[in-house]
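Asker: If you scroll down you'll find the structure; I have some questions about it.
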Amino acid sequence: MLLNIKDLHVSIDGKEILKGLNLGVNNGEVHAIMGPNGTGKSTLASAITGREGFDIDSGEIIYKGQNINELSPDERANEGIFLSFQYPVEIPGVSITNFMRTALNARREYKGEEHISAGEFLKKMEEKKKLVDIQAKLTKRSVNEGFSGGEKKKNEIFQMAMLEPTLAILDETDSGLDIDALKVVANGINTLKSQDNAFVIITHYQRLLEYIVPDFVHVMYDGRIVKSGGKGLAVELEERGYDWIKEHA
Amino acid sequence: MKEENDNNNILEEVTSGEYKYGFVSDIDTETAPVGLDEDTIRFISSKKDEPDWLLEYRLKAYRYWLTIDEPNWALLEHPPIDYQAIIYYAAPKQKKGPESLDEVDPELLETFNKLGISLDEQKMLAGVAVDAVIDSVSVKTTFQDTLAKHGIIFCSFSDAVKNHPDLVKKYLGTVVPHTDNYFAALNSAVFSDGSFCYIPKGVRCPIELSTYFRINAANTGQFERTLLIADEGGYVSYLEGCTAPQRDENQLHAAIVEIITHDNAEVKYSTVQNWYPGDKDGKGGIYNFVTKRGLCKGDNSKISWTQVETGSAITWKYPSCILLGDNSIGEFYSVAVTNNMQQADTGTKMLHIGKNTKSTIISKGISAGKSNNTYRGLVRVSKKAENARNFSQCDSLLLGDKCGAHTFPYIKNNNTSSVVEHEATTSKISEDQLFYCQQRGIDTEKAIGLIVNGYAKEVLNQLPMEFAVEAQKLLAITLEGSVG
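Put into structure tokens, the structure is as follows:
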């Protein structure tokens, strides 16, 4: 199993947000995590990626057979965990090109490999830019600075394509996207999907799941996964609303 | 709150870095007796075999200095400086001036190699002419022959006094008079060496000129004097770098740089200042009290200052432009980084006198540790300066919550047709930015380097290529520390 989360309890400033969450993800699978606002979906993403301030009170996150609770965020990233941010942050003066080269080289250093050559890097950039249909000039601009909502999300998928993660977590990547951008993002994910990686897609709506077919759908409520099923569950949720889940919780 | 504290802890760890140029070279030095009086000045002047007029100039400055007090308007705190405890002249012992590198003390050459500046082949390849000043004396100027072909004079200040006395006499003290301020008066009395450059009419200097300053001897002050003149239509790009050994006591550095540009001439002056900043607790470090000023004397002339200030315990420095010629242009691009206990009070003055004069000020302050970083700037537009334009942008970046950033922009506009614009921002490296970088595999230390370099990019882009790379590394190193 690629990711195995066992009875995870996470609190922020002493307030418990995740209250015994269990989740198993295998290579080659796409999992959707749905649920109303404030049920801990983004907290789950933060806990897996090791964000400061998200304290694991008990439970385990096992990734590639190793408990990663003690790994720093950059170590987890270099082990192949990627997060597509709900609100990507701006880094003024740092071009996407420079940012990506720094990130790729950090990973290579972590693995004890040589830095990527300029030629190889540029070739990779060109290839991945096509995948998410971003304009050449965008990569010369500072990371996320002055980007539209759609550009920011495409940029997240572009970075994902560049870094080729084993486990990709997409936090509300579909929110705020028009239908064209949504298709581009979905196409990017579908292209990157393989038997050697897995996706956890956090979403509020069923909309994205029309383009990316999940193997499993989980519904979160009050810090736990309260219902799991196949892709049909998403449709059912859309029809019956989250109140239906609350009744079951 | 907790999150913020964690974040500050990370920043504190990362930003308490160590100085990398703190070695001392074992060089045989000849010094003046400790302290300052008229005899000290006569000693310096006679050591340098100076003409009488220069000795008189020094003595006049010294007598004026005795009548005035140290300025106290800057946002700086330091114990009183004991001017009688300083050695005002220290020179590496060697016969006369070296004719070739073979005659230079090998220990001295080793020093420059450690600093990453070799005075020979490497710089030949890089095409940079170097004048190296160690303690008080100019050690070696490279590329003299190449420059001579173009009629360019680039030599130590002492050589200029000997070989081009008329030029020195004509321009010395015309931009920064000995009465300008306390430290300028002191420098005018005791300056020991420095660089001199003259670009003749219509000549574009084909290579970058560079001076490297190093304080080596203990208890020594360094008082160098730089004079740059670009005659009509001349152009030069000039670089200045500085380092000092790590010592427990404070050392004084009080330099003067004067630039004069005639009609259609341009001087681009870039500094990477990395004097020893003191240790984490603020012990030791250089007191850097420097007066730099350029006079755009001719029409359509231009002076551009770019500075990357990472060193010194105290920085007091305001590279300025007097825009006298019509259509003249002044620029000031600055990155000032303070860490640990460092204090910087730096900025510029843009004095618009001629018509259609333009000035641009881009200042980026970065404060970390318990340091204090102040931008102080004056834009003054005189009555006659019709259609003058100024744009100022002063940004401050704070790392952690124990440092300070201050901005004092003074604007005096006496002309209704002129436009003065000022923008200022203060920001912090956010936990969100750090986490975003970390999530892409970039550790905290590298992330801070990346973010800070991005923040300072507008200024770093102004530096000549070779220097820009060095400056980028320096920024990262200055803020680097003990993580991992």
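Protein chains in written order, with my numbering: chain S, 1 to 249; chain W, 1 to 484.
Where is the CB? At the ideal position from N, CA and C, for every residue including glycine.
Given the structure is predicted, the values throughout are model-derived calculations rather than measurements.
Comparing alpha-carbon positions, which option in Cys-321/W, Phe-332/W, Gly-311/W, Trp-316/W lies nearest Trp-305/W?
Answerer: The residue with the shortest Cα to Cα distance from Trp-305/W is Phe-332/W.
Asker: At the 9 Å Cβ level, is Pro-464/W part of the contact set with chain S, yes or no?
Answerer: It does not; no Cβ of chain S falls within 9 Å.
Asker: Anything in the region 420-438 of chain W with a Cβ closer than 8 Å to a Cβ of chain S? List those residues in chain order, please.
Answerer: Per Cβ criterion, the list reads Ser-430, Glu-431, Asp-432, Gln-433, Phe-435, Tyr-436, Cys-437, Gln-438.
Asker: Starting from Tyr-62/W and walking both ways along the alpha helix (DSSP H), at which residues does that stretch end?
Answerer: First-last of the alpha helix (DSSP H) with Tyr-62/W: 52-66.
Asker: Whose C-alpha, out of Gly-441/W, Trp-65/W, Val-381/W, is nearest the C-alpha of Asn-414/W?
Answerer: It is Val-381/W.
Asker: What is the DSSP secondary structure of Ser-192/W, counted as helix, strand or coil?
Answerer: In this structure, Ser-192/W counts as coil in the three-state DSSP scheme.
Asker: Asn-197/S: which of Leu-163/S, Lys-227/S, Glu-210/S, Ala-136/S sits nearest, CA to CA?
Answerer: Nearest C-alpha to Asn-197/S: Leu-163/S.
Asker: Using a C-beta cutoff of 9 Å, does Tyr-455/W count as contacting chain S?
Answerer: Yes, Tyr-455/W counts as interfacial toward chain S.
Asker: Less than 7 Å between C-beta atoms, sequence neighbours within five positions excluded: which residues of the same chain meet that for Leu-59/W?
Answerer: Closer than 7 Å at Cβ, skipping near neighbours: Glu-38, Ile-41.
Asker: Which same chain residues end up closer than 7 Å to Thr-191/S when comparing Cβ atoms and leaving out the 5 residues on each side of it in sequence?
Answerer: Taken in chain order, the residues that qualify are Leu-131.
Asker: Report yes or no: is there a C-beta of chain W within less than 9 Å of the C-beta of Asn-78/S?
Answerer: So yes, Asn-78/S belongs to the interface.
Asker: Mind listing the chain W neighbours of Ile-91/S? Cutoff is C-beta to C-beta under 8 Å, in chain order.
Answerer: By Cβ distance, chain W contributes Gln-433, Tyr-436, Cys-437, Leu-450, Ile-451, Gly-454.
Asker: Quick check: the region 104-122 of chain S against the region 67-86 of chain S, are at least 3 beta-carbon pairs closer than 8 Å?
Answerer: The region 67-86 of chain S is in contact with the region 104-122 of chain S.
Asker: What does DSSP give as the partner residues of Trp-305/W in its beta bridges?
Answerer: Answer by DSSP bridge pairing, in chain order: Tyr-269/W, Phe-332/W.
Asker: So, helix, strand or coil for Leu-490/W, using DSSP?
Answerer: The question about residue 490/W has no answer, for chain W in this structure spans 1 to 484.
Asker: If I follow the unbroken beta strand (DSSP E) through Leu-76/W, where does it start and stop?
Answerer: Looking at the DSSP string, Leu-76/W is not in any beta strand (DSSP E), and its letter there is neither H nor E.
Asker: Mapping DSSP to helix, strand and coil, what is Met-1/S?
Answerer: DSSP places Met-1/S in coil when its eight states are reduced to three.
Asker: Look at the Cβ atom of Ala-468/W, then the Cβ atom of Val-452/W, and state whether they are nearer than 9 Å.
Answerer: No.
Asker: For the beta strand (DSSP E) that Val-176/W lies in, which residues bound it at each end?
Answerer: Where Val-176/W is concerned, there is no enclosing beta strand (DSSP E), given that its DSSP letter is neither H nor E.
Asker: For the region 391-403 of chain W, which residues have a CB atom closer than 8 Å to at least one CB atom of chain S, in sequence order?
Answerer: Cβ contacts with chain S: none found.
Asker: Out of Ile-411/W, Gly-354/W, Gly-400/W, Ala-456/W, which one is the CA nearest neighbour of Lys-384/W?
Answerer: Closest by alpha carbon: Gly-354/W.
Asker: Does any C-beta atom of chain S lie closer than 9 Å to the C-beta of Leu-474/W?
Answerer: No, no contact with chain S.
Asker: What are the boundary residues of the alpha helix (DSSP H) that Val-235/S is part of?
Answerer: Per DSSP, Val-235/S belongs to the alpha helix (DSSP H) from 232-240.
Asker: Mapping the DSSP letters down to three states, classify Met-350/W as helix, strand or coil.
Answerer: The answer is strand: DSSP assigns Met-350/W an E or B state.
Asker: Name the chain W residues whose beta carbon is nearer than 8 Å to that of Ala-106/S?
Answerer: Per Cβ cutoff of 8 Å: Arg-440, Gly-441, Ile-442, Asp-443, Lys-446.
Asker: I think Cys-336/W touches Asn-372/W, with their Cβ atoms under 8 Å apart; what is that distance to the nearest whole Å?
Answerer: Per the sequence shown, residue 336/W should be read as Ala rather than Cys. At roughly 11 Å, the Cβ-Cβ gap does not stay under 8 Å, so Ala-336/W and Asn-372/W are not in contact.
Asker: Write down the C-beta distance between Gln-273/W and Ile-314/W rounded to the nearest angstrom, noting that I regard them as a contact closer than 8 Å.
Answerer: Incorrect: roughly 12 Å between the Cβ atoms, too far for contact.
Asker: Does any residue of chain S bring its CB to less than 9 Å from the CB of Glu-470/W?
Answerer: Answer no: the Cβ-Cβ gap between Glu-470/W and chain S never drops below 9 Å.
Asker: Check for me: the beta strand (DSSP E) holding Arg-376/W runs from which residue to which?
Answerer: Arg-376/W -> beta strand (DSSP E) spans 372-381.
Asker: Check whether the region 171-181 of chain S touches the region 25-35 of chain S, taking contact to mean three or more Cβ pairs, one atom from each stretch, closer than 8 Å.
Answerer: Contact between the region 171-181 of chain S and the region 25-35 of chain S is absent, because fewer than three Cβ pairs lie under 8 Å.
Asker: Helix or strand or just coil, what does DSSP make of Thr-416/W?
Answerer: In the structure shown, Thr-416/W sits in coil (DSSP, three-state: anything other than H, G, I, E or B).
Asker: Going by the beta-carbon positions, is the gap between Tyr-88/W and Val-203/W smaller than 9 Å?
Answerer: The answer is no: Cβ separation not under 9 Å.
Asker: So for Gly-59/S, helix, strand or coil by DSSP?
Answerer: The answer is strand: DSSP assigns Gly-59/S an E or B state.
Asker: Taking its Cβ as the centre, do 16 or more other Cβ atoms sit within 10 Å of Tyr-276/W, making it buried, or is it exposed?
Answerer: So Tyr-276/W counts as buried.
Asker: Label Gln-472/W either buried or exposed according to how many other C-beta atoms from any shown protein chain fall within 10 Å of its C-beta, with 16 as the threshold for buried.
Answerer: Classification of Gln-472/W: buried, given that the 10 Å Cβ count is 16 or more.
Asker: What residue does the beta strand (DSSP E) around Ile-171/S start on, and which one ends it?
Answerer: Reading the sequence as shown, one finds Asp at residue 171/S and not Ile. First-last of the beta strand (DSSP E) with Asp-171/S: 167-171.
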